[in-house]
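A quick write-up on the structure given underneath.
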């Protein structure tokens with residue numbers, strides 16, 4: 003299923019049509035037309051770069067809100083591990099936060115870090131299989147999976163065919179809750195507390211799965227504001243977290259590869275760095291590497307566009323929280339579950355997204371490319387963005403695709419005006435004679 | 002011969018590690034826009050990058066060409082340089098004459114030429130010691 007739904011959207015009223023988002027989009031998915039930004043849905047990977055750079059806050063992430071809990075008679079919160087790192091080191095225990103989440107309107111809290119523990123066990127098992135393409139690339143960050151679909155289709159086979167920890171946690175949480183309370187699966191609303199819009203998109207337009215087990219996603223920022231005033235009264239909490247330190251550390255870059263116990267692994271964070279490493283793998287380099295952990299956000303999930311705290315501080319907090327947990331390995335937290343149950347595997351193949359191709363017909367695509375090269379040769383090569391396309395090359399492509407015309411380039415227009423002005427002078431002089 | 006064809010030329014400089022990889026990056030972008038399959042992308046990417054790096058490391062510079070027609074992709078390199086004295090050895094995996102500078106940057110593992118051949122549907126190499134080397138790799142589009 004292609005990502006037609008996107009969490010990242012434009013607030014038209016606030017957009018001034020500047021070029022900030024245009025220049026920072028890693029897939030060149032934004033155009034400014036008619037004085038406003040437009041997002042090309044097929045190209046958007048929900049990385050949230052535009053949300054970060056927009057000075058007018060015109061790029062927003064559509065998420066659910068706490069009022070949406072009212073749609074269900076039973077509600078389960080799934081806090082991302084990055085959520086716990088938002089409160090600095092003043093909090094007393096993870097249990098304190100778990101209790102405070104319950105207090106704002108949830109009947110149950112299930113840590114996504116437990117899903118990460120389950121995925122860790124399965125990942126270790128998959129890494130033992132020497133027949134899989136190397137390096138295996140983590141499927142935990144949906145933005146990375148989407149950029150592979152759009153830009154590196156040849157690497158799809160490298161993606162770990164496992165569900166995201168969020169999905170694994172949601173299925174387990176719903177099952178356990180319904181069994182314990184004797185309620186129907188559909189009566190329960192499972193809400194992920196998310197650091198990023200990409201997870202919201204992954205719920206509405208799942209990759210490799212027919213339907214998501216998650217009913218909604220609420221931003222960490224919103225839940226943070228609601229939970230903060232509740233923390234004080236749970237200071238003496240005796241609630242014990244169920245996740246391992248390893249599961250908790252998935253929130254920061256390096257946590258997943260550390261959990262995998264794979265010595266020959268690489269952890270890369272930040273979308274531009276991810277793209278650079280994927281280019282190398284596509285070139286056939288790094289085939290001696292076993293595992294690539296890749297996170298679109300700098301610092302990993304604690305650097306997500308929807309978190310509250312500074313990601314460097316959050317990493318420090320996370321380390322302290324992990325240290326305070328009982329030092330169990332994910333294997334010890336298995337409760338006799340098999341390491342690689344079929345329920346953890348993706349249900350459908352991940353498909354390439356051919357949106358970058360010019361035409362379905364190769365002859366036509368070749369002709370368009372000729373035309374693009376001819377147009378590009380006439381353009382100034384400033385990549386200024388004034389035309390509303392992110393670069394001169396993208397502008398040439400937009401012209402050939404029929405979205406704009408050459409004189410939308412201010413420099414070509416100026417040249418044309420100069421010629422016209424000269425022609426008018428010439429004309430006026432001819433008439434005088 | 003089809004109605005339209007594409008013919009792109011990329012000059013490659015010896016020892017220019019700053020630009021190394023730019024030609025193959027452009028080739029990949031081009032093929033993505035033409036909509037070639039994921040598997041073909043992977044094969045041509047590896048071959049183009051290896052061929053480009055070969056010229057940066059071993060030759061005195063030359064040119065890489067990408068030609069695309071409706072039924073095939075042709076990748077050719079023509080360089081000026083020392084040429085290859087013993088092509089049979091050069092085609093063996095692990096054989097390398099890369100200098101220390103190249104090896105310190107992670108190149109010269111002796112996989113270049115065999116990698117190009119393995120990924121191409123047809124492969125040809127001609128070399129004149131003291132003059133240069135010409136490589137041609139063809140990929141058939143189904």
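Chains as they are written, first to last, in our numbering: chain A, 3 to 435; chain E, 2 to 143.
Virtual Cβ for every residue (Gly too), placed ideally from N, Cα, C.
Note that the coordinates shown come from a computational prediction; the quantities given were computed from them, not determined experimentally.
At 4 residues or longer, what runs of the alpha helix (DSSP H) sit wholly inside the segment 82-167 of chain A? 96-105, 114-129, 144-153
Leaving out five residues on either side along the sequence, give the residues of the same chain with a beta carbon under 6 Å from the beta carbon of residue 114(E). For the purposes of this step, residue 114(E) is identified with residue 113 of the second chain, where counting begins at 1. Closer than 6 Å at Cβ, skipping near neighbours: 91, 92.
Compute the beta-carbon to beta-carbon distance between residue 10(A) and residue 21(A), rounded to the nearest angstrom, for a pair I have assumed lies under 8 Å. Locating residue 10(A) in the first chain gives position 8, where the first residue counts as 1. Locating residue 21(A) in the first chain gives position 19, where the first residue counts as 1. The Cβ separation is near 18 Å, so there is no contact.
Any contact of the segment 31-49 of chain A with the segment 155-167 of chain A, i.e. 3+ C-beta pairs under 8 Å? no
Locate the beta strand (DSSP E) running through residue 66(E), then write down its first and last residues. One-based indexing of the second chain puts residue 66(E) at position 65. Unbroken beta strand (DSSP E) run through residue 66(E): 63-70.
If I measure Cβ to Cβ from residue 206(A) and keep anything under 7 Å in the same chain, skipping five residues before and after, which residues do I get? Here residue 206(A) refers to the residue found at position 204 of the first chain. 7, listed in sequence order.
Among 375(A), 119(A), 78(A), which has the Cα closest to the Cα of residue 447(A)? Shown here, chain A extends from 3 to 435; a query on residue 447(A) therefore has no answer.
Span of the beta strand (DSSP E) around residue 127(E): If you number the second chain from 1, residue 127(E) lands on position 126. Here the beta strand (DSSP E) through residue 127(E) covers 123-129.
Through-space distance from residue 235(A) to residue 154(A), alpha-carbon basis: The residue labelled residue 154(A) in the question sits at position 152 within the first chain. The residue labelled residue 235(A) in the question sits at position 233 within the first chain. In a straight line, the C-alpha of residue 154(A) is about 50 Å away from that of residue 235(A).
In whole angstroms, give me the CA-to-CA distance for residue 277(A) and residue 338(A). Here residue 277(A) is taken as the residue at index 275 of the first chain, counted from 1. Here residue 338(A) is taken as the residue at index 336 of the first chain, counted from 1. Taking the straight line from one Cα to the other gives about 39 Å.
What residues of chain E sit near residue 359(A), judged by a beta carbon separation below 8 Å? Position 357 of the first chain, counting from 1, holds the residue named residue 359(A). Residues of chain E passing the Cβ test: 33, 34, 35, 36.
Between which two residues does the beta strand (DSSP E) holding residue 157(E) run? Nothing about residue 157(E) can be read from this structure; chain E reaches only from 2 to 143.
Does the beta carbon of residue 122(E) sit closer than 9 Å to a beta carbon anywhere in chain A? Looking up residue 122(E) in the second chain gives position 121. With 9 Å as the cut-off, residue 122(E) does not count as an interface residue toward chain A.
For residue 373(A), which residues in chain E fall below 8 Å Cβ to Cβ? Locating residue 373(A) in the first chain gives position 371, where the first residue counts as 1. The premise fails here: residue 373(A) is roughly 10 Å from chain E at the closest Cβ pair, so nothing lies under 8 Å.
Rounding to the nearest angstrom, what Cα-Cα distance links residue 48(E) and residue 52(A) in this structure? If you number the second chain from 1, residue 48(E) lands on position 47. If you number the first chain from 1, residue 52(A) lands on position 50. So the alpha carbons of these two residues sit roughly 35 Å apart.
Using three-state DSSP, classify residue 179(A) as helix, strand or coil. The sequence position of residue 179(A) within the first chain is 177, counting from 1. Note: residue 179(A) maps to helix in three-state DSSP.
Spell out whether any CB of chain E is found under 9 Å from the CB atom of residue 365(A). Taking the first chain and counting its residues from 1, the one referred to as residue 365(A) is at position 363. Cβ-Cβ to chain E under 9 Å: yes for residue 365(A).
Is it the case that the Cβ atoms of residue 209(A) and residue 80(A) are separated by a distance below 9 Å? Position 207 of the first chain, counted from the first residue, corresponds to residue 209(A). Position 78 of the first chain, counted from the first residue, corresponds to residue 80(A). Going by C-beta atoms, residue 209(A) is not nearer than 9 Å to residue 80(A).
When you compare the CB positions of residue 224(A) and residue 68(A), do they come within less than 9 Å of one another, or not? Residue numbering aside, residue 224(A) sits at position 222 when the first chain is read from its first letter. Residue numbering aside, residue 68(A) sits at position 66 when the first chain is read from its first letter. Yes, these two residues count as a Cβ contact at 9 Å.
Contact list for residue 50(E) against chain A, beta-carbon separation under 7 Å: Translated into the one-based positions of the second chain, residue 50(E) becomes position 49. Neighbours of residue 50(E) on chain A, chain order: 285, 286.
From what residue to what residue does the alpha helix (DSSP H) around residue 90(E) run? Your numbering for residue 90(E) matches position 89 in the second chain. Run containing residue 90(E): 88-91, per the alpha helix (DSSP H) assignment.
Looking at the C-beta of residue 57(A), does it have a partner C-beta in chain E at a distance below 9 Å? Residue mapping note: residue 57(A) aligns to position 55 of the first chain, counting from 1. By this cut-off, residue 57(A) is not an interface position.
If you measure between the beta carbons of residue 218(A) and residue 191(A), is that distance less than 9 Å? By 1-based counting over the first chain, the position of residue 218(A) is 216. By 1-based counting over the first chain, the position of residue 191(A) is 189. Cβ distance < 9 Å, so residue 218(A) and residue 191(A) count as in contact.
Where does residue 470(A) land, buried or exposed, given buried means 16+ other C-beta within 10 angstroms? Nothing can be reported for residue 470(A), as the shown portion of chain A is limited to 3 through 435.
How about residue 257(A) and residue 250(A): are their beta carbons less than 9 Å apart? Position 255 of the first chain holds residue 257(A). Position 248 of the first chain holds residue 250(A). For residue 257(A) and residue 250(A), yes; Cβs fall inside 9 Å.
Considering only their Cβ atoms, is the gap separating residue 133(E) from residue 84(E) smaller than 9 Å? Translated into positions along the second chain, residue 84(E) becomes position 83. Translated into positions along the second chain, residue 133(E) becomes position 132. Cβ distance < 9 Å, so residue 84(E) and residue 133(E) count as in contact.
Measuring only the C-alpha atoms, how far is residue 128(E) from residue 65(E)? Position 127 of the second chain, counted from the start, is the residue given in the question as residue 128(E). Position 64 of the second chain, counted from the start, is the residue given in the question as residue 65(E). Taking the straight line joining both Cα atoms gives about 16 Å.
Among the residues of its own chain, which have a CB less than 6 Å from the CB of residue 409(A), if the five just before and after it don't count? For the purposes of this step, residue 409(A) is taken as residue 407 along the first chain, with counting starting at 1. Excluding positions up to five away in sequence, the list reads 415.
Closer than 9 Å at the beta carbon, the chain E residues around residue 158(A): Looking up residue 158(A) in the first chain gives position 156. Under the 9 Å cutoff, chain E gives 39.
What are the residues in the segment 338-362 of chain A lying within 9 Å of chain E by C-beta distance? 354, 356, 358, 359, 360, 361, 362
Hey, how far is the Cα of residue 202(A) from the Cα of residue 58(E)? Residue numbering aside, residue 202(A) sits at position 200 when the first chain is read from its first letter. Residue numbering aside, residue 58(E) sits at position 57 when the second chain is read from its first letter. So the alpha carbons of these two residues sit roughly 47 Å apart.
Cα-Cα separation between residue 118(A) and residue 295(A), rounded to whole angstroms: Position 116 of the first chain, counting from 1, holds the residue named residue 118(A). Position 293 of the first chain, counting from 1, holds the residue named residue 295(A). If I take the Cα positions, the gap works out to 13 Å.
May I ask you to report which of helix, strand or coil DSSP gives residue 173(A)? Position 171 of the first chain, counted from the start, is the residue given in the question as residue 173(A). Of the three classes helix, strand and coil, the one that applies to residue 173(A) here is helix, per DSSP.
Run through chain A and tell me which residues come within less than 8 Å of residue 46(E), C-beta to C-beta. Position 45 of the second chain, counted from the first residue, corresponds to residue 46(E). What residue 46(E) touches in chain A: 156, 284, 285, 286.
Please report the Cβ distance between residue 142(A) and residue 166(A), rounded to the nearest whole angstrom; I am assuming they are in contact, meaning their Cβ atoms lie under 8 Å. Position 140 of the first chain, counting from 1, holds the residue named residue 142(A). Position 164 of the first chain, counting from 1, holds the residue named residue 166(A). So it is a contact: roughly 6 Å between Cβ atoms.
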